[in-house]
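Using the numbering used here, the letters of the sequence shown correspond one by one to residues 101 to 405.
Using N, Cα and C, we set each Cβ at its ideal position, and we do this for glycine too.
Presented below is the structure to which this report refers.
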Amino acid sequence: MRRVIECVPNFSEGRNADTIHALAQAVREVPGVRLVNVSADPDHHRTVLTFLGEPDAVAEAAFRCARVAVERIDLRSHQGVHPRIGAVDVMPFIPLRNVQMSECGHIARETGYRIANDLQVPVYFYEHAALPGRPADLPTIRRGGFERWVARPLTGDRAPDAGPAFLHPTAGATIVGARGPLIAFNINLNTDRVEVAQHIARTIRRERERIPQLAGVRALGLFLASRGVAQVSLNLTQPEHSPLWWVLDYVRRLADEQGVQVMETELIGVAPASAIVGVAAHCLRNSALNEEHILDLWLDPEWNP
């Protein structure tokens, strides 16, 4: 049985087509790795690559695209609506098949040390790759962003887990970790009033301790200048507890209370088949629908429902 992991690095570049192509090409050049998705957004000024394969090959591809990012991305001239602290802002490794989370944590740390040593970029480890006694959640580590910490010594709680004690002058810092599947899901509203999206995001953050379906849902309210609309940007970090259809309905109800409607949604990267099947089951009113009904999954000889 093949051993498969996934890597989903987020880069602080969503506008320069040549740089986005170079990042993707660095992954494509590694044998045994499959690049399955490239998502770039000019307002977030961010590109997300999704690739998978054997652990060693994926780790090599991750380092190669990180090197391209450090060479080509300059955060001193970067302005986007998404929080970031580095050119390679976050780089998670996810176990998919015949690999334990602990091994992904080890791969994340090895890759992080390589980025720190070879590229001279400070590295923080998060979630299942976090070092003992160190912060483990992404928002805490990224707090303040590039502008707050550039040219300031990284000491005390801000000391990196690997690499120099100052942000790289153009590439900032990189946050490397291991985690389970996550769904990045954006909901665009038919209004330019960003305060509506911010109100919805605050409500989600406030209510997630009380409402089980919001467990682990991270939310931001953003304005997309290129489209003139407000966006509720979501990360569903526990998708088994947060059905996509339920989260969309919840945001729709909050938007309705503000006199606003949902215009469209965006899926960034890929999502587990179970999440997409859950949407289909809800829309079709078919509670018995599951992955076994999806023909394409049966074409994968290693899929075992």
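DSSP places Leu399 outside any alpha helix (DSSP H), giving it a letter other than H or E. Counting along the chain, Met201 sits inside the alpha helix (DSSP H) bounded by residues 201 to 219. Ala229 counts as buried, since at least 16 other C-beta atoms from the protein chains shown sit within 10 angstroms of its C-beta. Of the other Cβ atoms in all chains shown, 16 or more fall within 10 Å of the Cβ of Met191; this residue is therefore buried. Beta-carbon to beta-carbon, Gly369 and Ala273 are separated by about 22 Å, too far to satisfy the 8 Å threshold.
Taking all protein chains in view, the Cβ of Ser387 is surrounded by fewer than 16 other Cβ atoms within 10 Å, so the residue is classified as exposed.
In the DSSP assignment, Ala159 falls within the unbroken alpha helix (DSSP H) covering 155 to 172. For Thr119, the enclosing alpha helix (DSSP H) stretches over residues 117 to 128. Arg102 has its alpha-carbon roughly 44 Å from the corresponding atom of Ala325. Excluding five sequence positions before and after Val347, the CB atoms of its chain that fall closer than 8 Å to its own CB belong to Phe285, Gln313, Leu314, Val317, Leu334, Leu336, given in chain order. By a beta-carbon distance limit of 8 Å, Val108 does not contact Gly212. Their separation comes to about 15 Å. Looking at the DSSP output, Phe323 bridges to Ala330.
For Ile283, the enclosing beta strand (DSSP E) stretches over residues 283 to 289.
Collapsing the DSSP output to three states places Leu196 in a strand. Non-local C-beta neighbours of Ile207 in its own chain, meaning closer than 6 Å and more than five positions away in sequence, comprise Pro155, Ala159, Phe193, ordered along the chain.
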